[in-house]
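Heads up: the structure comes next, in structure tokens.
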Amino acid sequence: MGLNDMNTKFKNFDASTVDLAGSNLIEASAGTGKTYSIAILVLRLLLEKQINIREILMVTFTKAAVAELEERIRLFVRTAQKAAQGESVKDGNITQIVENARNAGNPVNQLLEEAVAFLDETAVLTIHSFCQQTLNEFAFETQQLFNVELMQDEAQLIADECNKFWRKYVSTIPTPALGLFHKAKLSKSQIQSVVKSHSSGTKYYHYQPDKDYTTNADDYAQIADEAAKLHEAIVTFEQKIFDEVKLRRGEIEEACAGQKHLTNWFIPYQDEDTFLKALAFNRTKTTLNKMPCAAHFLELIDELELLKAEKEAFIRKHINILICNGINQISESVTFYKSRYSQVSFDDLIAKLHVALVQKDNDSLVARLQEKYKAVFIDEFQDTDRLQYEIFDKAFGKNTILFYIGDPKQSIYAWRKADVQTYFRAKNAVDNLYGMNQNYRSSARMIAAMNIFFKPKPDTDTFNFGDAPAEKRIDYIAVEAPENTQKGNLLANGEPIAPIQISVSKNKGIIQQSLVAQIAKILDNDTFQLETNGIKRKVLPKDIGILVRKNSEGIAIKNVLSAYGIQAVTINDGKVLQTQEAQYLLYLLQAIIDINRANINKALLSPFTAFKVEEILALNSDLIIELFKNYKSLWEKDGIYTALKTWIKDFAIEEKLLKNAELNGERTVTNLNQLIELLHKTQNRKNLNSLELISWLKRGIEGMETEGDEFEQRIESDEDAIKIVTIHKSKGLEYNIVFIPSLDFLREPPKDFNYNFRDESGNYISGAKHDLSADEQEETLKQVEQENRRLIYVAITRAVSQCYIYKSTASYYKGSSMEFFIKELDGIQTNLIQFVDEQQVPEGYRYRATALKPGEKPLRPIKFTLLDSNWHKLSYSALRADHPISTKNKSNTEKSEYDDFIFNQLRRGAKTGNMLHFIFENIHFNNPQKWADVIEEAIKRFVPQQQEYYAPMLNTLLENVLNAPILLGDRAFKLSDVNTFKCIHEFEFDFLLDEFLPAQLSQLSTDAAQIAIRPWTRAKGLMNGKIDLFFEHDGKYYVLDWKSNYLGDRLEDYDTEQLSEAMNENNYHLQYLIYSLAVRKYLESRIPNFNFDRQFGGVIYLFVRGMRSASNTGVFTAKPSWTLINKLDKLLNSVAV
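Residue numbers (our numbering): 55 to 1191.
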């Protein structure tokens, strides 16, 4: 049956001839060459319509899809240019498009030359990138702030605000009411989950915007009183039933006499409650008819249950009010935070553009967008929601060439708000409907088998739309194989086998074994061959894809495959923080921080080392403890990355894991390296100390909300391995042979999970089952079943030549989505779909490809060595030698509140330094009115819970530091005099170094300024550093460094003499000389005829604990001469003295 037989509104689509005008929707079934067609259309727009490539917008929904589409556009444009220059190209369509444009008199060569020149400006964007770009570029029209920052992890902000809400609104609830809520399983995570879903567009069932949900102590007292009355009514009625059971015990025992089942159920019952529970449990049994009083007691039980349900509903009602208040309060706090710090989430991007463009009916913005883009393609349109569609329709629905491309049969992201109803809305609004029904992915036999599977009978309701009208339903449309297709079949003994094979088993365990047995059979049995492009060859592991619904299913199957030596890799969206490697890495970090033999043994008894207990006990205890002390030192000094990489090297972790395929080593190594990178990034990004980093990892393991690709497990090496992938992740992929271990999807969500559904207005709603009406519950189940069947469609259509499907007969899966298709196939006679028996893995089986061939070495990590061992990325820290630091004695003098804070309460260490740096980098020195916001954020980041105490003290610190006099040569000024816009914070520099002798730098020492160098032989490479503040004031340039060093608890400890001692002890003279040289090089490159002695003002080191606005304590200054800096420059670039 052809496409037009199914729906006469659809026109057959041909990318080479379709009219390039108006609004169009292309319904592209799986494997029909959607990306190819878009690229052809873009080429035609370039050459036929002469639209510049920068004026063509292409929007899709994943970064991977963006990369694929962009690559295809580049290829086609360059191929067309070759064709235009007379070269022979393989694609006849491209050649024909070039010829047609040339025949029409269009300047083809010039158009293609311009297209190639602007390929880097091709607008292929994700939906979020498009919204962000539009909001930024048209900030005036959209009334958005400039330089808004995209928030990668809104979940953490919501979690923080949820904690505040819990402390303020839940922990303060009077005990009687709070006890009721606790028994009803109210939790912080429940509120957080609802708010997170609500903020991303899933509306909470009970929530009404603009309604006040606050509740006071009197309200909670009334709730507790009402609940107590309901409870008393339950107890009274229950006692009434118990009394009647006692009264009629003889009657009950008489009815049970001689009745085996009744006797087993009720005699002897220990108490009345036990009797009633047994009665309720067996209420459907016909044997109860022989107990005359049973019906009466069952009626009483039903009345009791109604009373209990009334009480539960009453408590749930008030929990829902509390949750709705949480939505109000937390959402308001989150919005305020994002507004204050100019941040937006991914969902905000869409919502803000929708408001600016659609809700405000912004014709000016529409005109600007249509001026920028003359043609627009919206790929994967079935994954669009209502807001996204309304944005595109408003911006480009008229006066623009618009193509929506998608397949409603592949709409499987309802949980991401993908909306089939929106697809129908667009389908009925566009000027033209086209259909693509030629499948270029699969073999002709596989296509024929799929047509039968999805439409075995003319009236099969494939996607569960019942009697919905044609414009609001999805039907399966038979697809066709192109003529002379080269896609081949799976052969057994030289003959094609049934392309779809279905195996029915009792449970998952049997299914997994049967699946592995079938894989082993086709891999190792020479009678099986793949026919591709007319050539027969052996089946390889990389030909096989295993599609699963959940990551846990994939891991279980991978473990079974590994047990037989069959290599497989997982491609999923699992979080690396929830892997076993994260847990074992936590044990390692704990052992590094708390060094004792018990902790070390626990850390080493892991998959990383593969040690056995006896091997660990045999290790040299002193040596092992010394190693862990070194890791601790490296962590404190150089960071977690260096410490863990040293541990990997010391214990040959990667080598051990990679040399044995049975250890699943590649997966472990991949996860380990990803975790180390995450720890490194988190430590630096959040300025965490060791204990805080361990706490962060613990929260991640326990399920902390995380967002972003960096938290998703990376794929390990996939060379010649079976791919295990979730069905959702498999979209757009294809495999010669597909195995699907479970398509038994259920309509009913798991227990305690909310029902999610689309209402008649298209809003995505979430609510508990008992809160929904019967119609709403039915609509939810209907929508779930529709998506389940679309998931089945996506899974099966990944197959090129062969698909193995497994069905469970366990009672739990009764009524599953797969069961529908099994029933529909009953009685269908075909040799393309076959039901097969379970398979057994032969005893002692090992996949022979895993054995090493003669002379082949096991896979080992590559070891890199530098071509020039003296080449380094150097810094002041790498060169300086450590000096002993003098002890700082405490005085017993009485101190002011501020002095007590700055000397005693403001803790020492890197965290305080990072906090002060954050403040100085984000304030305007001469605008105290705006300091409070920065101070508040700094406290929140670095010393949470200290707002009340720290805020006024830090404000005083700023007043002192920014108003203290700085004397340098003949100049005197305060930082509050410095123009903020002439400051560069964290000024990073790099400059090249020829080979030199580091020891020679000690020649720069003087009696006052001592310089000590760490032992080196020779060095060369790159000098790198970051200057805290580089600024210009009054025509001179200055280097400034903030220091939070503790030199003592008296102002006298920060006078000139003590500062000179501190500068020498910490080797800071070497630091500022390197900084001065870097600044000289920079200014000489930017300012013609720069004069260092005249235009360089000097260096300023501010020891902030000792600074006061009325004195120059805590301020060290120096003005190195051009001669000294020039000497340093020569020493850094010469091995000669």
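Each residue gets a CB set at the ideal place from its N, CA and C atoms; glycine is no exception.
Fair warning: this is a prediction, and the values are worked out from it, not measured in the lab.
- Less than 8 Å separates the beta-carbon of ALA472 from that of THR438.
- According to the DSSP assignment, ILE1179 belongs to the alpha helix (DSSP H) that extends over 1176–1185.
- Between the alpha carbons of ASN518 and ARG527 lies a distance of about 9 Å.
- Nearest neighbour of LEU1137 by Cα position, chosen from GLY1089, VAL848, ILE882, turns out to be GLY1089.
- A contact is defined here as three or more CB-CB pairs under 8 Å, and the segment 1042–1052 fails this definition with respect to the segment 985–996.
- Excluding sequence positions up to five before and after GLU537, its CB lies less than 6 Å from no other CB in the same chain.
- If only complete runs of 4 or more residues are kept, the segment 1078–1131 shows the alpha helix (DSSP H) at 1110–1119, in order along the chain.
- If you check the CB distance, HIS1087 and PHE996 do not come in under 8 Å.
- For HIS372, the enclosing alpha helix (DSSP H) covers residues 348–394.
- A straight line joining the alpha-carbon of VAL838 with that of ILE846 spans about 13 Å.
- Here the segment 256–276 does not lie against the segment 385–399, with fewer than 3 beta-carbon pairs under 8 Å apart.
- DSSP places PHE1170 in the strand class (E or B) of the three-state scheme.
- By the beta-carbon neighbour count (other beta carbons within 10 angstroms, threshold 16), ASP433 is buried.
- Between PHE431 and PHE450, the gap from beta carbon to beta carbon reaches 8 Å or more.
- The secondary-structure analysis by DSSP pairs TRP750 with nothing; it has no beta-bridge partner.
- Cα atoms of CYS216 and ASP417: separation of roughly 39 Å, rounded to the nearest angstrom.
- The Cβ neighbour count for ARG852, taken over all protein chains shown within 10 Å, is at least 16; the residue is labelled buried.
- Counting every other CB atom within 10 Å of its CB across the protein chains shown gives THR1060 a total below 16, marking it as exposed.
- Close CB contacts of ASN163 within its chain, under the 7 Å cut and outside five residues either way in sequence, are with ALA138 (chain order).
- Between the segment 779–797 and the segment 217–225, the count of Cβ pairs shorter than 8 Å is below three; the stretches do not touch.
- Rounded to whole angstroms, the Cβ separation of LYS448 and LEU411 is 5 Å, and the two are in contact under 8 Å.
- Note on geometry: alpha-carbon atoms of TRP1070 and LYS604 lie some 55 Å from one another.
- In the same chain as GLN637, and ignoring 5 residues on each side of it, the C-beta atoms closer than 8 Å to its own belong to ILE755, in chain order.
- In its chain, beyond the 5 residues on either side, PRO595, LYS596, GLN621, ALA622, VAL623 have a beta carbon closer than 8 Å to the beta carbon of ALA775.
- Here LEU234 has ALA281, ILE369 as same chain residues with Cβ atoms under 6 Å from its own Cβ, once five neighbours each way along the sequence are excluded.
- Between MET500 and the set GLY542, TYR488, MET490, the nearest pair of CA atoms involves GLY542.
- With a cut-off of 8 Å on Cβ pairs, the segment 283–302 is in contact with the segment 344–356, counting three or more such pairs.
- According to DSSP, residue pairing for ARG1025 in a beta bridge involves LEU1022.
- Approximately 15 Å separates the beta-carbon atoms of TRP701 and SER744; this is outside 8 Å, ruling out the contact.
- In chain order, TYR1091 place their CB closer than 6 Å to the CB of PHE1150, counting only its own chain and leaving out the 5 sequence neighbours on each side.
- In this structure, the beta-carbon distance from ILE381 to VAL249 falls below 8 Å.
- Each residue's CA atom was taken as its position, placing LEU441 and ASN613 some 43 Å apart.
- Taking the Cα of TYR618 as reference, the smallest distance to any Cα among SER247, ASN655, ILE573 is reached at ILE573.
- Here the segment 1170–1183 makes no contact with the segment 1005–1019; the two share fewer than three CB pairs at distances below 8 Å.
- Excluding its 5 nearest sequence neighbours in each direction, SER940 has C-beta neighbours in its own chain below 8 Å: GLU1115, GLU1119, listed in chain order.
- The alpha carbon of SER559 has as its nearest neighbour, out of PRO795, LYS88, GLN197, the alpha carbon of PRO795.
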